[in-house]
C-alpha cells in the first residue's frame, strides 16, 4: 500500500489527504491544531466559482499612490515590514502586466472550473449540506463608473467562461437586503457561488469523512520532517511516523519549511482580519463592499466582517485600522449589532507572485510533493487541487497541462 504524510490541516491539506485516502493510500494528516482552525477558518466562506481571474496587482499610478499614502482600506502596509515584501511584490507587479495576467487567467480558470463539482462530491459524502447555501453573493459598488467597469468585466467572464450574474440597482439591492439606504449605484449578484455558514466547520466535516475512510489525524511539528532511506519521517505526539511520500500543504508556512531542503519559494503574505457581530438586522447573502475593501457574510456566529490585505511581518501584533474602517463603513449600510469577540481573528493568505498555486513534485527530493500558494482561494480550490495532486501521485494522467503550477518555475 502506498503511504503519505500530509502536512497541513486546512482546506487544501484535508482535501489532499482525503483524495489520497479514497485512492487506497495509507495517509496521516498532521498539523499543530485541529483541522480548519487556521486560514481556512477565517475567510468569508464563499466557494467562488465566478473567480476566473486571479487577483492582479494594480499597475496604474493613481491606485498605487492611494495605497502608498494610506488612502485605501483594501490594502495597507507597515513601513517597517516592507523589507519582507519588496522582492515578491516586484515579481507580483511584473506578473500582473496584461499579457502575463492573461496567461495566468488561463491556468487559473482551469482549476476554478473544478471547484464546485469537487466540493459537491465531498459535501454530500461528508453530510455537510446544512452548512452550504447555493444562492451566490453580491458585490456592491459605491461609484457609478466603478460599477460600469465591473459590469463590463462580468460580461467578459460570462462570454468567455459562462459565469452567470444579475445587475441590481441601488433600490433593488435595498429591497433584497436590510440596508439603511437605497441611493447606491448598484451591485452585481454573482448567481453561482456557494456560501458556507461555518468555513472551519466544513473543513472539519471533510476531515471527519477522511477519518471514517480510515485516515489518521495527528498532532505534530512540520519542522521535524526529514528524508529517510525509504521516504519521509515526522515526529508527532504519538511518536515518529514514516511514509513513502510527504505533501507540503502548509499555506503561508510552506516556504519556511522548504528552505530546510534548499528550496526558495517567494510568497506575498497578505494578512486579513475578521470579527463577528450579533444583535443587528440579519443579512441574507454575503455582501462585498468593493470601494472599502471588506466583505460581510452571514455566519453561524453572526455577521462576519472580513478585511482586505495587510502587508506586515509574520510576528507583528494585530492592528485595528482596516477592521475599524470596515466596521464604520458597514454601519453606514445596515444595523450591524455588537461585536462578539473581544479581539479580532487574523490569518495570512499565501499568494505567489504569478498568482498560481504550487502543485506537483519537488525537483530534487523523491517523494516530496507540494500543494500550496492558492492566494485568496484556498477554501475554494482545496478539493480541486487536492484531487489533481492525488491523481498525479497515484500515477494517473493529469486532465490538463499542469506545468504552469510546477515548483521549479521559481
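In our numbering, the protein residues as written are -6 to 403. Cβ coordinates follow ideal geometry from the N, Cα and C atoms, glycine included.
| Item | Value |
| --- | --- |
| Quick test of your reading: residue 444 and residue 183, contact by CB under 8 Å. State the CB separation rounded to the nearest angstrom. | No statement about residue 444 is possible, as the shown extent of the chain runs from -6 to 403 and does not include it. |
| Pull up the distance between the alpha-carbon of residue 264 and that of residue 111, whole angstroms please. | 27 Å |
| What runs of the alpha helix (DSSP H), each 4 residues or longer, lie entirely inside the region 224 to 264? | 247 to 251 |
| Specify, as a first and last residue, the run of the beta strand (DSSP E) that residue 282 falls within. | 280 to 282 |
| Exposed or buried, what is residue 275 when buried is set at 16 or more other beta-carbons lying within 10 Å of its beta-carbon? | exposed |
| Grouping DSSP H, G and I as helix and E and B as strand, with all else coil, what is residue 387? | coil |
| Using the Cα positions of residue 213 and residue 281, report the straight-line distance between them to the nearest angstrom. | 37 Å |
| Under the three-state reduction of DSSP, which class applies to residue 326: helix, strand or coil? | coil |
| From which residue to which residue does the beta strand (DSSP E) around residue 333 run? | Residue 333 -> no beta strand (DSSP E), and no H or E assigned at all. |
| Mind checking which residues open and close the beta strand (DSSP E) that includes residue 188? | 187 to 189 |
| Using the three-state DSSP reduction, which class does residue 209 fall into: helix, strand or coil? | strand |
| In the structure shown, what three-state DSSP assignment does residue 306 receive? | coil |
| Using a 10 Å radius around the Cβ and a threshold of 16 neighbouring Cβ atoms, would you call residue 348 buried or exposed? | buried |
| For a test of the three-state rule: what should DSSP assign to residue 136, helix, strand or coil? | coil |
| Can you find the residues in the same chain that come closer than 8 Å, C-beta to C-beta, to residue 131, ignoring five residues on each side of it along the sequence? | 161, 166, 169, 170, 180, 181, 182, 183, 278, 279, 280, 281 |
| Give the DSSP-derived three-state secondary structure of residue 402 in the structure shown. | helix |
| Could you say which of 283, 338, 345 lies nearest to residue 137 if we only look at CA atoms? | 283 |
| So, are the CB atoms of residue 383 and residue 16 less than 7 Å apart? | yes |
| Quick check on residue 18: does DSSP put it in helix, strand or coil? | coil |
| If you drop the 5 nearest sequence neighbours on each side, which residues of the same chain put their C-beta closer than 7 Å to that of residue 57? | 51 |
| Run the CB neighbour count on residue 120, radius 10 Å, all protein chains shown included, and call it buried at 16 or more, exposed below. | exposed |
| Taking the C-alpha atoms as reference points, what is the distance between residue 227 and residue 269? | 37 Å |
| Taking its Cβ as the centre, do 16 or more other Cβ atoms sit within 10 Å of residue 122, making it buried, or is it exposed? | exposed |
| Is the region 286 to 302 close to the region 373 to 382, with three or more CB pairs under 8 Å? | no |
| Is it true that the CB of residue 400 sits closer than 7 Å to the CB of residue 363? | yes |
| Please state whether DSSP places residue 286 in a helix, a strand or coil. | coil |
| Going by Cα to Cα distance, which pick from 159, 141, 395, 238 is closest to residue 21? | 238 |
| Using C-beta distances below 7 Å, list every residue in its chain close to residue 199, excluding the 5 sequence neighbours before and after it, in chain order. | 7, 8, 11, 115, 119 |
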